[in-house]
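For the record, the sequence lines run as chains X and B. Read left to right, the first sequence gives residues 1337 to 1595 (the numbering used here). Read left to right, the second sequence gives residues 567 to 996 (the numbering used here). Here the structure comes first, spelled out in structure tokens, and everything after it is commentary.
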Amino acid sequence: MIKIFRTFLIVFFFLTQNSFSEVNKTDLIKVNWPFDGFFGKFDKASLQRGFQVYKEVCASCHSMRHLSYRNLGEKGGPEFSKEEVKAIASQFEVQDGPNQDGEMFTRTALPSDKFVKPYSNSNAARAANGGAYPPDMSVLVKARKGGANYVYSVLMGYADEIPSNITLEEGVYFNKYMTGNKIRMPKPINDGSVEYTDGTNASEEQISKDVVAFLTWAAEPHLEARKRTGFKSIIYLLILTILGFIIKKKIWSNIETKV
Amino acid sequence: MSEYSEQEKFKPVHTNKVDGSPYSGVIGWIDNRLPIFRIFKHEYLDFQVPKTLNYFWSFGGILMLCLIFLIITGLALGMHYKPSADEAFDSVEKIMRDVNFGWLIRYAHMNLASFFFIAVYLHIFRSLYYGSYKEPRQLMWLLGITIFFLMIATAFLGYTLPWGQMSYWGATVITNLFSAIPLIGEGIVTWLWGDYSVGDAALNRFYVLHWLIAFLIVGIVVFHVIALHIVGSNNPSGIEPKDTRDTVSFSPFTTSKDLVGMLIFILIFVAVMMFAPNYLGHPDNYIPANPMVTPAHIVPEWYFLPFYAILRAIPDKLMGVIAMVSSIAILGLLPWLDFSKVRSSVFRPIWKQCVFLFVLDFFLLMYVGAMPAEGIYLVLGRLGTIYWFAFFLVLAPLVSRYEKPLPMPQSINEYMDWKKKGKIKTFNFT
Ligand code: HEM
């Protein structure tokens, strides 16, 4: 009887596991990300290209308010050199002040400044995008079920032929992976949307992969350190557990055999 | 009466008790004045525990470990967190990005909360299965349920602090439950919020209460443990130990075994925290709270799902709230609803099945709680709720009245002997 219950429990677990993941109607495109898995690491070159994509394409609509230019040079990220980070920051203007006369002024951005936002507030962002709000991208990857695969799928999910049962209003586009198959962001990435300087072929897939890798790093800047520490701690704990178990066995040895 | 006989009525007093330490030297000197060393020796070195305790008995210590680390990581978070509607989300992001090892501290605190509940559910299951709630451990059981209620409160309040979408909407839905109270409900909700909606004022007090209740838990755990050292541990046989053939001393036996249990638990915890830190959370909580946008599905954290399912199984709001609260409170009646003299389910063939079904019911309700409250899920949720209450109100008294327990050994020592000879069938969780 106990066995039946046990099997029942196990079967139940499997069933629920499946139905929990079934919530997503369309299966996402699964990419073999270098940052997945136990030894996951970011591909630095890809992150650098991803930043270029963000800067040249997405940044005109999406902010990244939790990032500073200095982050681009930090370990475990795109790892631009100090000079490159300075050069990147200096391409932007920020407002500062008030100065001694009480006036606000603009100056060239420094590495310590936060990423410059495309719109001064969310209403301005909405007004410029037909009422839709382009979400801040700092933690976007963690804020969607499916994470990196989801964002990649959305970028790749535009189609020319729209299913006949879907009617699109002005400023709305078809996307296979959005709820209701509708998105109010025009297709941001096409073949050759950016020009890579390192000779990488700027195909739609490649650009999307690079920008998604960049966004994943932005959402989880300590991913590499986390996985490295995690791996070490697990090895350490495994050894400790085995040792503990041997000690326990030894201590208990004459107790368990007494009866 | 003479002065002399008046004197006879007085008893001698010893206000000065500096004496009796088993230790000498500095430790003895301190122990004679503050008996912490002899208490420690008595309660944690020489203390006798049944030698049959299996790994289910590690979860008490594991819970303690969780609690300590929750408090340590909580303190560290508290030094950088800002409880204001405008700054909360950003301050958490700042912890994750800029504070040294902030990501580790926050992921640890987040996942510890989940693992605290995993441990407490196993701890409660242990008590149910082996009848630990029975005479003389009723008060331990009641203190435990009090702790569980407080854990629910702290976890709920803690979840609101990062001020993401689920924080905000979860807080709105749950605090709104108070409005079901007739007449004064609306007033209570406004009073709780300190405003006409969940906002800055609410967040601020949630932060204070999250701390306060965490420390209240520590207080009650102290009582829980003091009581344990009075009544002693139950054990898988459910038979009280009679002499030292039935027991081992706490150190090094229990300590070494608990250590193994803890290490395995920590191993699993670290694996989840380091490789899937957000698996047990909801992605919507990485979207800053927005009172204008309601999430498609507002779901509580996984460990509240069974009770959420019971809440939604009842069409009437007030009755739903009452059912949800009583589904936990009713655990407290179990020592009096189940009056079988046999503690352990090992010797109770029918009750054992009822307990297994109860566990199944728990998972069923958890599943239903994560699904929309409609169609088949509503039916399943209602069936699950009926079994939940029937387990306590119908099965417990009926089974203890009519069940015929299996033949029982006379002592723990004999129990081990029977088990070795295969005369007792039970799972091996040595
Ligand atoms: C913060 C949460 C808790 C902590 C730190 C804690 C701690 C402990 C410890 C250290 C023990 C002794 C070791 C053991 O038997 O496992 C224990 C025993 C016990 N706990 Fe808890 N506990 C907690 C919550 C609960 C809850 C929620 C319940 C029940 C609803 C509960 C019921 C019991 C009972 C009945 C015993 C005695 C079991 C026996 O002697 O066999 N505890 N607890």
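Beta carbons are placed, not taken as given, at the ideal position from N, Cα and C, and that holds for glycine.
Please classify residue i: is it buried, with 16 or more other beta-carbons within 10 angstroms of its beta-carbon, or exposed?
i	result
B:PHE781	exposed
X:ASN1457	exposed
B:VAL584	exposed
X:ASN1354	In this predicted model, X:ASN1354 has a pLDDT of only 48, less than 50, meaning its place in the structure is not dependable enough to derive any value.
X:ASN1360	Confidence at X:ASN1360 is low in this model, with a pLDDT of 45, below 50, so the placement of that residue should be treated as unreliable; the coordinate-derived value is given next. So X:ASN1360 counts as exposed.
B:THR1067	The question about residue 1067 of chain B has no answer here: the residues shown for chain B are numbered 567 through 996.
X:THR1362	exposed
B:ILE690	buried
X:SER1357	Unreliable positioning characterises X:SER1357 in this predicted model, as indicated by a pLDDT of 44, which lies under 50. The coordinate reading is nonetheless provided below. The residue is exposed, with fewer than 16 neighbouring Cβ atoms inside 10 Å.
B:ASP904	buried
B:PRO807	buried
X:GLU1556	buried
B:ILE792	exposed
X:THR1533	exposed
B:MET717	buried
X:THR1536	exposed
B:LEU600	exposed
B:PHE835	buried
B:PHE625	buried
X:PRO1414	buried
X:ILE1519	buried
X:LYS1584	buried
X:ARG1443	exposed
X:PHE1387	buried
B:ALA936	buried
B:VAL945	exposed
Do you know whose CA, among the options, lies nearest residue i's CA?
i	options	result
B:HIS646	B:TYR699, B:MET630 and B:VAL665	B:VAL665
B:THR810	B:ILE605, B:PHE603 and B:PRO616	B:PRO616
B:ALA767	B:LYS648, B:SER817 and B:VAL891	B:LYS648
B:ILE740	B:SER693, B:GLU969, B:MET676 and B:PRO866	B:PRO866
B:ARG948	B:TYR874, B:LYS991, B:VAL921 and B:THR756	B:TYR874
X:ASP1472	X:SER1489, X:MET1514, X:GLY1528 and X:LYS1453	X:LYS1453
B:PRO802	B:PHE913, B:ALA962, B:PHE667 and B:PHE681	B:PHE913
X:SER1399	X:LYS1366, X:VAL1475 and X:SER1529	X:VAL1475
B:TYR968	B:LYS907, B:VAL921, B:LEU631 and B:GLY941	B:LYS907
B:LEU971	B:ASN979, B:ILE990 and B:LYS986	According to the sequence displayed, residue 971 of chain B carries Pro and not Leu. Answer by Cα proximity: B:ILE990.
X:VAL1490	X:SER1500, X:ASN1511 and X:PRO1470	X:ASN1511
X:GLU1392	X:ASN1407, X:ILE1424 and X:LYS1366	X:ILE1424
X:SER1499	X:VAL1508, X:SER1404 and X:ASN1517	Ser is not the amino acid found at residue 1499 of chain X; the sequence shown has Pro there. Ranking X:VAL1508, X:SER1404 and X:ASN1517 by Cα distance to X:PRO1499 puts X:ASN1517 first.
X:VAL1477	B:ILE853, B:ALA962 and B:ILE602	B:ILE853
B:PRO728	B:ILE896, B:PRO849, B:LEU897 and B:ARG604	B:PRO849
B:ASN979	B:ILE805, B:ILE894 and B:LEU643	B:ILE805
Provide the residue(s) that pair with residue i in DSSP beta bridges, ordered along the chain.
i	result
X:THR1442	X:GLN1431
B:GLY730	B:PRO854
B:VAL814	B:VAL615
B:PHE655	According to DSSP, B:PHE655 bridges with nothing at all.
X:ILE1519	X:TYR1509
X:ILE1569	In the sequence under discussion, the amino acid at residue 1569 of chain X is Ser, which differs from the Ile named in the question. In the DSSP output, where bridge partners are listed per residue, X:SER1569 has none listed.
X:LYS1450	X:SER1404
Q: Mind listing, in chain order, the continuous alpha helix (DSSP H) runs of no fewer than 4 residues lying wholly within the segment 1481-1508 of chain X?
A: 1483-1492
Q) Taking contact to mean at least 3 C-beta pairs separated by less than 8 Å, is the segment 784-802 of chain B in contact with the segment 698-714 of chain B? A) yes
Q: Tell me the start and end of each unbroken alpha helix (DSSP H) in the segment 608-646 of chain B that is at least 4 residues and wholly inside, in chain order.
A: 625-644
Q. If we count Cβ pairs, one from each stretch, closer than 8 Å, do we get three or more for the segment 1415-1432 of chain X versus the segment 1503-1514 of chain X?
A. no
Q.
Taking 8 Å as the cut-off, does the segment 857-868 of chain B touch the segment 725-745 of chain B (at least 3 CB pairs, one atom from each stretch)?
A. yes
Q: Please determine if the segment 627-644 of chain B and the segment 672-689 of chain B are in contact, where contact requires at least 3 C-beta pairs separated by less than 8 Å.
A: yes
Q) Do three or more CB pairs link the segment 1544-1555 of chain X to the segment 1475-1487 of chain X at distances below 8 Å? A) yes
(Q) Check whether the segment 829-842 of chain B and the segment 1564-1577 of chain X are in contact - that is, three or more C-beta pairs closer than 8 Å. (A) yes
Q: Report yes or no: do three or more beta-carbon pairs, one from the segment 913-933 of chain B and one from the segment 951-960 of chain B, lie closer than 8 Å?
A: yes
Q | Residue ranges of each alpha helix (DSSP H) within the segment 914-996 of chain B, 4 or longer | A | 915-936, 941-956, 962-968 and 978-986
(Q) Three Cβ pairs or more, each shorter than 8 Å: is that satisfied between the segment 1380-1387 of chain X and the segment 1576-1591 of chain X? (A) no
Q: Would you check if there are 3 or more beta carbon pairs closer than 8 Å linking the segment 1440-1453 of chain X to the segment 1394-1409 of chain X?
A: yes
Q. Quick one: any contact between the segment 741-758 of chain B and the segment 884-894 of chain B, if contact means 3 or more CB pairs under 8 Å?
A. yes
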